[in-house]
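Written below as structure tokens is the structure these notes are about.
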Amino acid sequence: MVVRREKKIRKRRGRGTGYGSHKKHKGGGSRGGRGLAGLHKHKVMTMIKYMPEHFGKRGFKRPKKVIKEIKAINLKDLDSMVEGLLKQKKAEKTKDGIKVKLSDLGYDKLLGSGKVNHPLIVEARYFSKNAIKKLEESEGKAVILNA
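Quick note, the sequence shown lines up with residues 15 to 161 if you use the working numbering.
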């Protein structure tokens with residue numbers, strides 16, 4: 015049997031085939047730079063048309079001392095936690111209702127989503143209007159703390 019000097023199938027594979035010398039269709043040079051190179055020079059019209067807000071500053075970043083992160087909890091979540099809080103002694107039962115201090119639980123604000131099944135006396139820094147309304151409807155109270 016005769017040994018073939020060349021393979022039967024000689025297909026040209028890869029992205030560089032069909033362009034003659036490899037220099038002619040190689041990389042960034044034939045494209046005027048890679049990516050966003052030249053947006054202030056030879057690709058300026060592309061930038062103006064497709065990315066008009068690409069360069070420049072806009073807006074500002076608020077200083078960290080101005081930003082207050084308020085951690086909030088919904089009424090339905092607090093109401094479902096009440097029995098567990100009583101067992102852990104993070105809430106106390108009084109004649110008026112169950113007294114809960116949100117700052118002890120790591121929250122600052124009470125939001126008004128959900129139903130209230132227990133008469134709650136909640137002490138917190140912030141309340142939503144709806145939360146105050148629902149607490150008072152369930153014979154509870156909202157006590158606003160000054161921090």
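Note that the Cβ used here is the ideal one computed from N, Cα and C, for glycine as well.
Quick caveat, the model's predicted, so the values are computed rather than measured.
Verify the contact flag: R139, CB atom, against every heavy atom of the ligand SAM, threshold strictly below 7 Å. Looking at this structure, you won't find the ligand SAM or any other ligand, since it has none at all.
Residue range of the unbroken beta strand (DSSP E) whose run includes L125: Boundaries of the beta strand (DSSP E) harbouring L125: 123-125, taken from the DSSP string.
Outcome for I87 when other beta-carbon atoms lying within 10 angstroms are tallied against a minimum of 16: Classification for I87: buried.
By Cβ distance, which residues of its chain are closer than 7 Å to H56, with the 5 residues on each side in sequence left out? Short of 7 Å from the beta carbon of H56, and not among the five residues preceding or following it, lie these beta carbons of its own chain, in chain order: G46.
Assuming the contact rule is C-beta atoms closer than 8 Å, G120 and L89 should be a hit. Round their C-beta distance to whole Å, please. The pair is not a contact, with the Cβ atoms about 17 Å apart (cut-off 8 Å).
Indicate the three-state DSSP secondary structure (helix, strand or coil) for V136 in the structure shown. Here V136 carries a strand assignment [DSSP, helix/strand/coil].
Can you name the start and end residues of the alpha helix (DSSP H) that N88 belongs to? Element bounds for N88: not the alpha helix (DSSP H) but the beta strand (DSSP E), 86-88.
Is it right to say A138 is buried, meaning 16 or more other beta carbons lie within 10 angstroms of its own, or is it exposed? It is buried - the Cβ of A138 has at least 16 other Cβ atoms within 10 Å.
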